[in-house]
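A.B. asks:
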Amino acid sequence: MPIITSCNGVNKFYTSAVTLEDIFRDIFPDHKSRFIAGLVNNQLFDLNTLIHHDAHVVMIDEHNRKFIQQVRRSCMQLLNRVLTIIWPEVKIAGGSMTEYGFYCDFDMSYMLTKNDLNKISKKMIKLIFSSYKIHTKNMITSDFLNILNQKNEIYQVNIIKAQCINKNIINVCYHEDYCEFSNHSQVSNIKFCQYFSLKNISGAYWKNNKNNRMLQRIHVISWISKNQLSDFIIRSQELEKRDHRKIAKLLNLYHIQKESPGMVFWHHHGYIIVRELKKIIRIYLMKNNYLEVKSPIILDKYLWEKSGHWKYYHTSIFITKSENREYCIKPMNCPAHVLIFKNGLKSYKDLPIRIAEFGCCHRQESSGSLHGLMRVRGFIQDDAHIFCTKKQIKLELNNCINLLLDLYQTFGFKKITINISTRPENRIGDDRIWNQAENDLESVLNEHSIPFQYKLGEGAFYGPKIEISLEDNLQRIWQCGTIQLDFYLAKQLNASYINKRGIKKYPVIIHRALLGSIERFIGILLEEYNGNLPVWLCPIQVVVLSIADSHILYVQQIMQKLLMNNIRAVSNITRASISFKIHSYIKQKIPYILVCGDQEIKSNSVTVRNRFSCKQYQQNIDYFIENILNNIKNNNIKDFNVED
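Position one of the sequence shown corresponds to residue 1 (the UniProt record's numbering), numbered consecutively onward.
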């Protein structure tokens with residue numbers, strides 16, 4: 001005879017065992033469509049679960065993240081079921097949740113096409129509208145493995161043996177006559193899975209190992225309401241238009257060759273953006289007393305073994321050999337900066353020492369993960385390492401946070417989230433030091449009333465870190481800046497300073513990255529601004545056009561004035577029509593188009609048109625130059641208004 005206490009404080013007494021669904025009907029009679037699962041004493045269960053004892057119940061609504069995961073897991077199993085119905089020979093090979101849905105892997109000789117996705121989707125919808133209930137029950141592990149072996153489901157057998165090695169009982173989820181192992185809760189009825197879209201088909205190696213069999217993979221978008229699904233589809237269409245690879249090709253920024261996968265060939269225009277980003281970062285470095293350095297790309301493998309990086313990152317490190325010595329092509333700058341710190345005796349009076357570098361780093365990413373500028377093998381890391389005493393930690397952390405937040409505002413990012421990544425399972429050092437490091441990060445954020453969340457177990461092997469993430473216009477989250485505390489690397493590489501008492505001490509190292517990878521950040525900016533970068537970042541800021549041959553000399557005079565003021569400008573004095581010229585440069589997203597004709601020559605002016613408007617305004621050239629220089633100098637996000 002359970003007594004049920006709900007999240008709103010209502011108590012209900014039942015004379016016998018009762019399902020969550022019945023409790024829900026009693027307590028929330030007017031909100032049935034909003035709730036589909038519940039927390040029972042902080043454990044997630046579907047609505048068909050029977051409650052035998054006293055319990056505290058919290059209902060889950062459609063905005064709950066756990067509920068979204070439930071829906072996606074059930075939808076994934078529905079997809080697996082439909083695959084086995086249409087192609088009985090298919091072997092299900094698992095899947096995984098993604099940010100916007102999930103994917104399913106499977107093995108069969110028939111290769112799916114886009115037309116097959118329509119067939120699969122129709123069958124899924126038909127089953128969804130039958131509104132069948134989903135049931136879960138416990139089963140002896142060996143019994144269920146026998147069932148799978150009889151069906152020759154080799155992949156599912158492998159998954160269960162790996163995940164349930166010491167479990168005699170497992171959870172099996174039933175979709176009518178189809179059953180599948182599941183170690184997570186499901187929705188109570190398949191009708192909650194109706195808001196999905198089969199996106200595309202790709203290939204994937206079993207267990208992501210290229211030595212294993214190539215499987216087929218279906219990517220699925222899955223949400224819990226019609227509005228969520230339609231909003232996401234609209235955002236996806238916009239994202240396709242904003243794909244940085246398309247924009248970069250249009251603006252002639254870079255390309256990648258098959259002879260060097262994941263390595264960027266920066267063209268002249270693209271490298272201007274790289275230089276401008278370095279330029280603004282250097283301003284912040286100078287203001288904060290950083291020492292910019294340049295370290296070698298190749299360092300002896302022994303150094304990486306001694307630092308601990310080899311143990312944790314060796315699969316991501318490129319190796320080269322020379323004269324019977326093995327060298328690592330650096331994946332990060334940390335050990336090199338420690339060697340620079342070690343060069344020469346250091347006193348406590350010298351600390352803090354802030355060493356910064358635009359380091360040329362390389363990481364051995366899998367070919368399947370490479371994606372334009374967002375995932376590369378060779379990249380520029382705007383890295384810095386601060387060598388300080390324990391007493392200086394909080395002040396230096398505070399300076400790093402302020403620097404990062406100021407820089408991101410320069411680019412117009414307003415929605416910034418901060419996480420603290422705590423100690424991972426595989427780490428070096430003792431818990432006492434880890435406690436101190438995590439407490440230091442927490443206290444600095446708390447002292448400045450900066451809200452944050454924890455990412456448990458996601459710190460680096462040598463210390464916890466603060467992660468700063470940006471939300472763009474398409475509601476995507478990009479993790480960019482990091483601030484990491486490290487009490488071990490200096491000791492491992494024997495980098496020390498002399499304290500007040502003349503005793504050798506090891507400094508604390510704060511690892512700090514602003515943008516992370518400059519390549520990736522440029523990709524983010526291109527998609528955020530849809531190629532319409534702020535004027536100060538644009539490779540070409542102004543184009544000057546002639547209407548006829550008689551205006552060429554005046555165009556050249558205007559160009560001379562612009563170039564003398566370090567404004568990046570080009571001219572077009574061809575005999576093409578002026579409308580054709582204007583249209584061409586609008587497509588290239590050049591901020592300002594200056595047209596020169598008879599009227600402009602007479603009044604020593606130009607007709608100005610910006611990239612966002614079809615309106616044109618005549619302005620004195622000196623006034624225009626003054627305005628654009630102010631815009632560039634202040635690193636403004638928006639173009640200046642030519643109407644003023």
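Cβ atoms here follow ideal geometry from the backbone N, Cα and C, with glycine treated the same way.
For the beta strand (DSSP E) that F379 lies in, which residues bound it at each end?
C.D. replies: Here residue 379 refers to the residue found at position 379 of the sequence shown. Taken as a continuous stretch (DSSP letters only), the beta strand (DSSP E) holding F379 covers 378-388.
A.B. asks: For the alpha helix (DSSP H) that contains C400, what are its first and last residues?
C.D. replies: For the purposes of this step, residue 400 is identified with residue 400 of the sequence shown, where counting begins at 1. Its alpha helix (DSSP H) spans residues 393-410.
A.B. asks: Does the segment 60-74 come within contact of the segment 197-205, defined as at least 3 CB pairs closer than 8 Å?
C.D. replies: These segments do not touch.
A.B. asks: Given a threshold of 16 other Cβ atoms within 10 Å of its Cβ, counted over all protein chains shown, does I57 qualify as buried or as exposed?
C.D. replies: By 1-based counting over the sequence shown, the position of residue 57 is 57. Note that residue 57 is Val in the sequence shown here, rather than Ile. Flag for V57 reads buried.
A.B. asks: Name the one or two DSSP bridge partners that D107 has.
C.D. replies: Your numbering for residue 107 matches position 107 in the sequence shown. Beta-bridge pairing links D107 to K91.
A.B. asks: Using DSSP bridges, identify the partner residues of N11.
C.D. replies: Locating residue 11 in the sequence shown gives position 11, counting from the first residue. Bridge partners of N11: T5.
A.B. asks: Less than 8 Å between the C-beta atoms of H219 and K241, yes or no?
C.D. replies: Here residue 219 corresponds to residue number 219 of the sequence shown, with the count starting at 1. Here residue 241 corresponds to residue number 241 of the sequence shown, with the count starting at 1. In this structure, K241 does not lie closer than 8 Å to H219 by Cβ.
A.B. asks: Can you tell me the Cα-Cα spacing of S584 and L545, whole angstroms?
C.D. replies: Taking the sequence shown and counting its residues from 1, one reaches residue 584 at position 584. Taking the sequence shown and counting its residues from 1, one reaches residue 545 at position 545. Distance between the alpha carbons of S584 and L545 is about 11 Å.
A.B. asks: What span of residues does the alpha helix (DSSP H) with residue 657 cover, start to end?
C.D. replies: Here the chain covers residues 1 to 644 and nothing more, so residue 657 does not appear.
A.B. asks: Please report the distance separating the alpha-carbon of residue 662 from that of V10.
C.D. replies: For the chain, the structure presents residues 1 to 644; residue 662 sits outside this window and is missing.
A.B. asks: Let me make sure I understand the geometry here. Which of N118, I125, C164, L50 has the alpha-carbon closest to that of M139?
C.D. replies: Start at 1 with the first residue of the sequence shown, and residue 139 comes out as number 139. Closest option to M139, Cα to Cα, is C164.
A.B. asks: Would you tell me roughly how many angstroms separate the C-alpha atoms of I428 and P464, rounded to the nearest one?
C.D. replies: Residue mapping note: residue 428 aligns to position 428 of the sequence shown, counting from 1. Residue mapping note: residue 464 aligns to position 464 of the sequence shown, counting from 1. Rounded to the nearest angstrom, the two C-alpha atoms are 11 Å apart.
A.B. asks: Do you know offhand how far C388's Cα is from I420's?
C.D. replies: Start at 1 with the first residue of the sequence shown, and residue 388 comes out as number 388. Start at 1 with the first residue of the sequence shown, and residue 420 comes out as number 420. About 21 Å.
A.B. asks: Taking the straight line between their C-alpha atoms, what separation do you get for H385 and I340?
C.D. replies: Walking along the sequence shown from the start, residue 385 turns up at place 385. Walking along the sequence shown from the start, residue 340 turns up at place 340. Taking the straight line from one Cα to the other gives about 11 Å.
A.B. asks: Given this structure, state the Cα-to-Cα distance separating S369 from I433, to the nearest angstrom.
C.D. replies: For the purposes of this step, residue 369 is identified with residue 369 of the sequence shown, where counting begins at 1. For the purposes of this step, residue 433 is identified with residue 433 of the sequence shown, where counting begins at 1. Roughly 35 Å separates the two Cα atoms.
A.B. asks: My understanding is that L47 touches F24, with C-beta atoms under 8 Å, so please give their C-beta distance in whole angstroms.
C.D. replies: In the sequence shown, residue 47 corresponds to position 47, counting from 1. In the sequence shown, residue 24 corresponds to position 24, counting from 1. With 8 Å as the limit, L47 and F24 qualify as a contact, their Cβ atoms being about 7 Å apart.
A.B. asks: Which term fits G457, buried or exposed, when burial requires 16 or more other beta carbons within 10 angstroms of its beta carbon?
C.D. replies: Taking the sequence shown and counting its residues from 1, one reaches residue 457 at position 457. Exposed.
A.B. asks: For the alpha helix (DSSP H) holding Q163, just list the boundary residues, first then last.
C.D. replies: Along the sequence shown, read from residue 1 onward, the residue named residue 163 stands at position 163. Unbroken alpha helix (DSSP H) run through Q163: 154-163.
A.B. asks: Could you tell me which uninterrupted alpha helix (DSSP H) segments, each at least 4 residues in length, are contained entirely in the segment 502-530, listed from first to last along the chain?
C.D. replies: Listed in chain order, they are 518-528.
A.B. asks: For the beta strand (DSSP E) that E467 lies in, which residues bound it at each end?
C.D. replies: Here residue 467 refers to the residue found at position 467 of the sequence shown. Looking at the DSSP string, the run of the beta strand (DSSP E) that includes E467 is 465-471.
A.B. asks: Considering only residues of the same chain and omitting the five flanking positions on each side of K191, which have a CB-CB separation below 7 Å?
C.D. replies: As a position in the sequence shown, residue 191 is number 191, starting the count at 1. Here the set comprises I128, S131.
A.B. asks: For a test of the three-state rule: what should DSSP assign to W434, helix, strand or coil?
C.D. replies: On the sequence shown, residue 434 is found 434 positions in, with the first residue counted as 1. It is helical.
A.B. asks: Taking only the alpha-carbon atoms, compute the straight-line gap between P2 and D54 and give it to the nearest angstrom.
C.D. replies: Here residue 2 refers to the residue found at position 2 when the sequence shown is read from its first residue. Here residue 54 refers to the residue found at position 54 when the sequence shown is read from its first residue. P2 and D54: Cα-Cα distance of roughly 4 Å.
A.B. asks: Which residue marks the beginning of the beta strand (DSSP E) containing L370, and which one marks its end?
C.D. replies: As a first step, residue 370 is located in the sequence shown; it is residue number 370 there, counting from the start. Premise fails: L370 is in no beta strand (DSSP E) and is neither H nor E.
A.B. asks: Which value, in whole angstroms, describes the spacing of the CA atoms of M263 and K504?
C.D. replies: Against the sequence shown, residue 263 aligns to sequence position 263. Against the sequence shown, residue 504 aligns to sequence position 504. Near 43 Å, if we compare the C-alpha coordinates of K504 and M263.
A.B. asks: Measure the beta-carbon distance from I134 to V187 and round it to whole angstroms, keeping in mind my assumption that it falls under 8 Å.
C.D. replies: The residue labelled residue 134 in the question sits at position 134 within the sequence shown. The residue labelled residue 187 in the question sits at position 187 within the sequence shown. Contact holds; Cβ gap of about 6 Å.
A.B. asks: Could you check the C-alpha separation between I4 and T136 for me, to the nearest Å?
C.D. replies: By 1-based counting over the sequence shown, the position of residue 4 is 4. By 1-based counting over the sequence shown, the position of residue 136 is 136. The straight-line gap from Cα to Cα measures roughly 23 Å.
A.B. asks: By Cβ distance, which residues of its chain are closer than 6 Å to K32, with the 5 residues on each side in sequence left out?
C.D. replies: The sequence position of residue 32 within the sequence shown is 32, counting from 1. For K32, the pLDDT reaches just 48, beneath the cut-off of 50, and the residue's location in the model is therefore unreliable, although a value from the coordinates is still provided. Answer for K32: no residue qualifies.
A.B. asks: If you check the beta carbons only, do H511 and Q484 fall under 8 Å apart?
C.D. replies: Residue mapping note: residue 511 aligns to position 511 of the sequence shown, counting from 1. Residue mapping note: residue 484 aligns to position 484 of the sequence shown, counting from 1. Yes, Cβ-Cβ distance for H511 and Q484 is below 8 Å.
A.B. asks: Quick check on Q150: does DSSP put it in helix, strand or coil?
C.D. replies: Within the sequence shown, residue 150 is the residue found at index 150, counting from 1. The answer is helix: DSSP assigns Q150 an H, G or I state.
A.B. asks: Identify the continuous alpha helix (DSSP H) that holds V74 and give its terminal residues.
C.D. replies: Within the sequence shown, numbered from 1, the residue matching residue 74 stands at position 74. Checking the sequence, you will find Ser at residue 74 rather than Val. S74 -> alpha helix (DSSP H) spans 65-86.
A.B. asks: Determine, using beta-carbon pairs with one atom in the segment 247-259 and one in the segment 95-109, whether at least three such pairs fall under 8 Å.
C.D. replies: The segment 247-259 vs the segment 95-109: no contact.
A.B. asks: Cβ atoms of Y497 and Y348: under 8 Å apart, would you say?
C.D. replies: Residue mapping note: residue 348 aligns to position 348 of the sequence shown, counting from 1. Residue mapping note: residue 497 aligns to position 497 of the sequence shown, counting from 1. Yes, they are a contact pair.
A.B. asks: Can you tell me the Cβ-Cβ gap for C361 and P331, rounded? I've got them flagged as a contact below 8 Å.
C.D. replies: For this step, residue 361 is matched to residue 361 along the sequence shown. For this step, residue 331 is matched to residue 331 along the sequence shown. That belief holds up - the Cβ atoms of C361 and P331 are roughly 6 Å apart, short of 8 Å.
A.B. asks: Which residues in the same chain have their Cβ closer than 7 Å to the Cβ of R363, if we skip the five residues on either side of it in sequence?
C.D. replies: Against the sequence shown, residue 363 aligns to sequence position 363. Contacts found: S316, P331, R377.
A.B. asks: Assign C328 to one of three DSSP states: helix, strand, or coil.
C.D. replies: Sequence index remark: in the sequence shown, residue 328 carries index 328 (1-based). Three-state result, C328: strand.
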